[in-house]
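Residue numbers (full-length UniProt numbering): 1 to 335.
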């Protein structure tokens, strides 16, 4: 039996998907604010930023003008903010300096702030006009999994659209199935790698970013997330001999993704493609979703978490306590 907390937390995230969706009653006020906004800004750091990127693409599908920002860039770049702006700020601890300070300054400029945290009584919760605390519970591992699941499911519930139409029980069945797959071929390649490109189109670019974060933290790979075709604009020149993880879980097959995978293989890049069984992209290694898998980002996310965990263990690392990382970061200069 494993002794790693993250192993259990990956599974706990699945078991609690029904809780993470939260209730319509709880979300009526923030939903109203988003519906009445001229624009929505998603801000966060690390995994919280990439949750915001996924949120941005989900917002597009609901006809919402949205942009995701790293909280530090949001703080210093100064994007336009009006009284019709809604800021959705993510911080698991609710104490991340960049995020709390950026949310506070946005509020001072008239924006409404929705804070999504995993902690009651946090600084972000105090700043926010609406504070939403996910029911993920305490996460023992530094490598965030169930708290990301909770923030993602809550975000999709806020935005409505096609992803909120899937029932938690349906998603649970699929996720329990996919994390128990045999990833040995992919793990064998990833455990010998030093660098990794993670690629995705649209909402899957957000998943590629979260995958890069997880593989960087847990398996100590030097990772770079990119929109799928962007790797041909320079990075492909130095990617030979290393792997690229291509996330292609959309129901419809992409001719562009097929072309990119072909170019990568020609450049001696080992391609690992996360795909549906009906969409063969010609990669060196395929990780397949079940044939009837629901079109929902939580499913490939759980695969990516499990793949990271197994790669870290194969490399002999402790995924519960990656070096130089802590659960949250505070900067004295931003207090």
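We put the CB at the ideal spot given by N, CA and C, even for glycine.
So, with DSSP's three-state summary, where would you put residue i?
i: residue 288; result: strand
i: residue 179; result: coil
i: residue 333; result: helix
i: residue 91; result: strand
i: residue 276; result: coil
i: residue 17; result: helix
i: residue 194; result: coil
i: residue 1; result: Note that residue 1 scores 45 on pLDDT, short of 50, meaning its location in the model is unreliable; the coordinates nonetheless yield the value given after this. The answer is coil: DSSP assigns residue 1 none of H, G, I, E or B.
i: residue 256; result: helix
i: residue 282; result: coil
i: residue 235; result: helix
i: residue 240; result: coil
i: residue 187; result: helix
i: residue 221; result: coil
i: residue 211; result: helix
i: residue 216; result: helix
Under 8 Å by Cβ, that's how I've got residue i and residue j pegged, so tell me the actual separation to the nearest angstrom.
i: residue 245; j: residue 289; result: Incorrect: roughly 14 Å between the Cβ atoms, too far for contact.
i: residue 110; j: residue 81; result: 7 Å
i: residue 44; j: residue 90; result: 4 Å
Is the CB-CB distance between residue i and residue j below 8 Å?
i: residue 202; j: residue 57; result: yes
i: residue 171; j: residue 250; result: no
i: residue 307; j: residue 186; result: yes
i: residue 14; j: residue 302; result: yes
i: residue 114; j: residue 86; result: yes
i: residue 317; j: residue 219; result: yes
i: residue 107; j: residue 130; result: no
i: residue 239; j: residue 275; result: no
i: residue 178; j: residue 299; result: yes
i: residue 258; j: residue 277; result: no
i: residue 27; j: residue 158; result: yes
i: residue 134; j: residue 112; result: no
i: residue 41; j: residue 320; result: no
i: residue 163; j: residue 154; result: no
i: residue 229; j: residue 197; result: no
i: residue 93; j: residue 122; result: yes
i: residue 96; j: residue 71; result: yes
i: residue 30; j: residue 132; result: yes
At a cut of 8 Å, does the segment 100-112 reach the segment 273-288 through at least three beta carbon pairs?
-> no
Entirely enclosed beta strand (DSSP E) segments - the segment 296-329, minimum 3 residues = Every candidate beta strand (DSSP E) stretch fails here, since none sits fully inside the segment 296-329 while reaching 3 residues.
In chain order, which beta strand (DSSP E) runs of at least 3 residues are fully inside the UniProt domain "SIS" (30-168)?
-> 39-44, 66-70, 85-91, 112-117 and 130-133
Does the count of Cβ pairs from the segment 209-226 and the segment 254-272 closer than 8 Å reach three?
-> no
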